[in-house]
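Taking it in order: structure first as structure tokens, then the write-up.
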Amino acid sequence: MFGNFFKPKSVDTERVPPGQVLTEKFPVLTYGPTPTVRPEEVRLEISGQVEEPQTLSWAELMSLPQSDLTADFHCVTRWSKLDVKWSGIRVPDLMRQVRLKPQARAVLVHCYGGYTTNLTLDDFLLEQNLLAHTLFGQPLPREHGGPLRLVVPHLYAWKSAKWVRGLQFLDREELGFWEVNGYHRRGDPWKEERFSD
Ligand SMILES: Nc1nc2c(c(=O)[nH]1)N[C@H]1C(S)=C(S)[C@@H](COP(=O)(O)O)O[C@H]1N2
Ligand SMILES: [Mo]
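Sequential numbering from 647 applies to the sequence shown in our numbering.
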């Protein structure tokens, strides 16, 4: 019996969406310059279809419940990375501080540097979505969105907005930066929702 001795490193193809290739590295994908924001400068503005607009400081964010997440990361340019380890604030834990107006349907995520991306509330409020400040146990590197980024594991990674500074709740979906420029409005990697028709 060779046992596990010669067991090849197996790739779990059920975890790789169609048209994607695995990478061990963690490429950086940013449109435009990388903003420099110090944690103590971070403000998260919550606006739009909410009963009370509010701005959270870094200290306030850190005082919310903190969670770990291991998730696969799929970029529409066809690389996927498995088992990325993040820590941060689960979106539902943040949203317990927010009273949405009944007509809220979607969110436009705003970033330092001007990037935006859109999500329906159904896609945004999921348990596994995280506002991450830690990557593999280290402070989130600036090029990967530090101090604070969104992680939305079930959609292509352009929805995982880096350097988040605002959540604007809307009564109907407005398209973000890549979505205006031809990317799919939702971006489910399992359905290969890469581009809009
Ligand atoms: N603010 C901002 N967020 C962003 C982007 C960007 O250009 N600006 N690129 C998106 C894209 S296309 C991908 S694939 C992921 C890449 O994250 P990474 O650079 O940490 O790998 O970030 C997403 N979030
Ligand atoms: Mo991407």
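Glycine included, every Cβ here is placed at the ideal spot set by N, Cα and C.
Being a predicted model, the structure only gives us computed values, none of them experimental.
Once DSSP output is grouped into helix, strand and coil, what is the label at His790? helix
Arg831 versus Ser806 - alpha carbon distance: 14 Å
Do the CB positions of Gly678 and Gln814 come within less than 8 Å of each other? no
Whose C-beta lies closer than 8 Å to the C-beta of Thr682 among residues of the same chain, with five residues either side of it excluded? Arg788
Suppose only complete runs of 3+ residues qualify. What are the beta strand (DSSP E) ranges in the region 772 to 841, listed by chain order? 776 to 781, 795 to 797, 810 to 816
Would DSSP call Arg661 helix, strand or coil? helix
Ligand 1 heavy atom lying under 7 Å from the CB of Lys747: no
Glu706 - containing alpha helix (DSSP H), residue span: 704 to 708
I think Pro785 touches Gly791, with their Cβ atoms under 8 Å apart; what is that distance to the nearest whole Å? Not quite, the Cβ-Cβ distance comes to about 11 Å (not below 8 Å), so this is no contact.
From Thr676 to Gln743, what does the alpha carbon distance come to, in whole angstroms? 30 Å
What residue from Asp658, Gly665, Gly783 has the CA that sits closest to Asp834's CA? Gly665
DSSP bridge partner residues for Thr716 (one or two, in chain order): Lys731
Classify Thr701 as buried or exposed, calling it buried when 16 or more other Cβ atoms lie within 10 Å of its own Cβ. exposed
With 16 as the cutoff for other CB atoms within 10 Å, does Asn827 come out buried or exposed? exposed
Along the chain, where does the beta strand (DSSP E) that runs through Leu765 open and close? 762 to 766
Taking the beta strand (DSSP E) that Val737 belongs to, which residues open and close that run? Where Val737 is concerned, there is no enclosing beta strand (DSSP E), although the alpha helix (DSSP H) it sits in stretches over 737 to 741.
With DSSP as the reference, identify every bridge partner of Gln700, one or two as the case may be. Ile692
Host beta strand (DSSP E) of Ala752 (start-end): 752 to 757
Exposure label - Thr763; buried when at least 16 CB within 10 Å: buried
Neighbour-count burial assignment, Phe782, 16 or more Cβ in a 10 Å radius: exposed
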